[in-house]
Each structure stands twice: as structure tokens, then as C-alpha cells.
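Report on the following structure.
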Amino acid sequence: VTEPDLVGRHVVVSAGGTREPLDPVRFLGNRSSGKQGYALARTAAARGARVTLIAANSTLPAPAGVDVVPVGTAVQLREAVLRAAPEADAVVMAAAVADFRPAAYAAGKIKKKDGQEPEPVTLVRNPDILAEISADRARPGQVVVGFAAETDDVLANGRAKLKRKGCDLLVVNEVGELKTFGSEENEAVVLGADGSETAVAHGPKEALAETVWDLVAERLN
Ligand code: C5P
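Take the sequence shown: its position 23, counted from the start at 1, is 970 in the working numbering, and no numbers get skipped.
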């Protein structure tokens, strides 16, 4: 039985993966499916929250009763998050946001030229949305949650990242090519800025989502 412990709360969830265009047909992207973010949106709605789901390049069906804002790039995702955050009791950044984007966008399709080596792609940094919203809380008491995909020294890197980003909770999972991305299941440790550590056993992405909302609800009450 789901507790309606988020009734009267507004939560913002980002999901999916950003795509950073090189030209009208090509982009730099990542393997995020959006499934974890959608599971977070569905479970928050089931617990009574008003949910804004900022979805980066996801083709998943919109969960019932959830307000979906589609975005493409990290810069668009930032704008959507900053627009929604002032009314949010909690912001959960489950989206895989590209750290870098191509410095230049070619308005026409980039062509290969006979006998010529390709131009190198220069990248510039994207804004770190999680760090920004954590530093400038749009509301007092707002709970900010980040995700971190790590391949090694998962907990140590997670703790350092939690500090660096300044969020309240960081969901850390170990990734490999076949783990987590696109999968129906996940396994994680949720680190709290208060020093707490909550392990979530391998299972459906809904189960991890429920644990995240338990921890958020604890901090809101
Ligand atoms: O630094 P890293 O990409 O590992 O951090 C992951 C977390 O930070 C995720 O919650 C992601 O949504 C968020 N992020 C962000 N803006 C970026 C990069 C990551 O908000 N430019």
C-alpha cells in the first residue's frame, strides 16, 4: 500500500539523457533510457505529489497525471529546471546531463571532403545544473537529489561528489556497459549530506524510486 505522504507537495524530476548537437543530424549523447526518472515520476504521483517531469529525449509514454516538459540539450534542461524549481518542494536530477557540448554548431550537415582529415571536435563545459540549484535553493527547505553513475571507488567518489554538488541526497550506482542503462532494474546506495547511507538491493527501478521518496519525505517533514 502506497502512503499518500507527498500530498500537497510539488516535485520536479529530470529524466533521460541530453543530446548535444553537432549539426542538424548528429549529436553527442549517452545511454540513459529515462526509465529511472519515469519510475520516480510515477511513484511520486502515486504518493500524491504534483509532478513535473522534465524529459530529455525520452520516448517513454507520459505517466498518467504527470506534467511532462520535453527538452533536448543540457542548456534547455537547465532552463526548464530553473523555471520549475521555485514551486518545487523537491528536485530530483535523474537525467544524464552531458558535461560537455560541441563548441560550435554547424547549421548545415558536416560533410566529408575528399583527401581531407576530419576537423577535430572542440568541446566546452555545460552548466552543472545540480550544483547550481543546490547552491541557490529556490525555496527554503527544498530537498535536492542527484544521481551519480560511477565505475570504480563507487562510495568514495559518491561522497566526494555529494559534497562538491551540495545536494541533500546522492543516489550512487555502479555502471558498466550492461548495467543500469536501459535496464529495468537498478541497485544503488543513497548517500545523505547528514552522513546517512541507505543501500537499495538489486531490483526494479520503482523500488529505488520509493526509497528516494521515503528519504525525501523524511526530510520534508
Ligand atoms: O558530475 P556528474 O555528471 O557525475 O553528476 C551527475 C549528477 O549531476 C546527476 O544528478 C545529473 O543530473 C547532474 N548533472 C547536472 N548538470 C550537469 C551534469 C550533471 O545537473 N552538467
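Cβ atoms here follow ideal geometry from the backbone N, Cα and C, with glycine treated the same way.
- Taking one beta carbon from each stretch, the segment 1087 to 1095 and the segment 998 to 1011 have fewer than 3 pairs nearer than 8 Å; the two do not touch.
- A residue is called buried once 16 or more other Cβ atoms fall within 10 Å of its Cβ, and alanine 1050, having fewer, is exposed.
- Remark: the C-beta of valine 1038 is outside contact range of the ligand C5P, defined as less than 7 Å to any heavy atom.
- The three-state secondary structure of threonine 1145, taken from DSSP, is strand.
- Per DSSP, leucine 1007 lies in no beta strand (DSSP E) and is assigned neither H nor E.
- Cβ-Cβ separation between leucine 969 and alanine 1054: approximately 11 Å, too far for a contact (criterion under 8 Å).
- Relative to serine 961, the option among Pro1065, Gly1012, Ile1076, Val954 whose CA is nearest is Ile1076.
- Under the three-state reduction of DSSP output, leucine 1109 falls in the helix class.
- Between asparagine 1073 and alanine 1002 the beta-carbon gap is near 18 Å, outside 8 Å, which marks them as no contact.
- Asparagine 1004 and glutamine 983 have their alpha carbons spaced roughly 14 Å apart.
- In the three-state DSSP reduction, threonine 1069 falls in the coil class, being neither helix nor strand.
- In the DSSP assignment, glycine 964 forms a beta bridge with Ala1043.
- For leucine 1102, the closest alpha carbon among the candidates Arg1084, Gly1113, Ala1135, Phe974 is that of Ala1135.
- Between the C-alpha atoms of glutamate 950 and glycine 1150 there is a straight-line separation of about 20 Å.
- With fewer than 16 other CB atoms across the displayed protein chains lying within 10 angstroms of its CB, arginine 1030 is exposed.
- For aspartate 1161, the enclosing alpha helix (DSSP H) starts and ends at 1152 to 1167.
- Annotated as proximal: glutamate 1121 and threonine 1098, with beta-carbon spacing under 8 Å.
- Contact between leucine 1117 and glycine 1105 holds: their C-beta atoms lie close to 6 Å from each other, under 8 Å.
- Between leucine 953 and alanine 986, the C-beta spacing is not below 8 Å.
- Contact between alanine 1078 and valine 1163 does not hold, since the beta-carbon distance rounds to 19 Å and is not under 8 Å.
- Taking glutamine 1089 as the centre and dropping the five residues before and after it, the same chain places the C-beta of Ala1032, Ala1035, Asp1036, Ala1037, Val1038 closer than 8 Å to its C-beta, in chain order.
- For the 8 Å CB-CB criterion, valine 958 and alanine 993 do not form a contact.
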